[in-house]
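Student:
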Amino acid sequence: MQLVTISSQRQITIPVGMLGQLGVDKKDKLFLTVEGERMIAKPQKGNVVDRLAGSLNHLVSKSMLKIPTHKAIEIARDIAAKEIANE
Numbered sequence: 001m002q003l004v005t006i007s008s009q010r011q012i013t014i015p016v017g018m019l020g021q022l023g024v025d026k027k028d029k030l031f032l033t034v035e036g037e038r039m040i041a042k043p044q045k046g047n048v049v050d051r052l053a054g055s056l057n058h059l060v061s062k063s064m065l066k067i068p069t070h071k072a073i074e075i076a077r078d079i080a081a082k083e084i085a086n087e
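Note that the UniProt record's numbering gives residue 16 to position 16 of the sequence shown, counting from 1, and the numbers run on in steps of one.
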């Protein structure tokens, strides 16, 4: 157990040893949950797309960035299905 201080910006610094135990590094993401009086941090386990989300925004028109992820997936599936059907 480690004692950390909440900054004036309501931020904490997680000791590097604990991050190593979780297998996370700079820019990785953690899910935080509260159970009773405990805060639990779990690393985001995901594919490359999940981990890189947002890093390619500069390649997409601003109007397309406003589409929710589930809708973008639906559109991509429709396009792929049409392309497969035309083969």
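Positions of the beta carbon are idealized from the N, C-alpha and C atoms, including for glycine.
#1: Could you give the DSSP three-state label for V34: helix, strand or coil?
#2: Helix, strand or coil: how does DSSP classify K62 here?
#3: Find the nearest neighbour of G17 within the set I6, M1, L32 and Q11, judged by alpha-carbon distance.
#4: Can you round the beta-carbon distance between T13 and V4 to whole angstroms, since I take them to be within the 8 Å contact cut?
#5: Output the distance between the C-alpha atoms of P68 and G20, rounded to the nearest integer angstrom.
#6: With I14 as the anchor, note down where its alpha helix (DSSP H) starts and where it stops.
#7: Out of curiosity, what's the CA-to-CA distance linking I79 and E87?
Tutor: Reading from the atomic positions:
#1: strand
#2: helix
#3: M1
#4: 6 Å
#5: 33 Å
#6: It is not in any alpha helix (DSSP H) - I14 carries neither H nor E in the DSSP assignment.
#7: 13 Å
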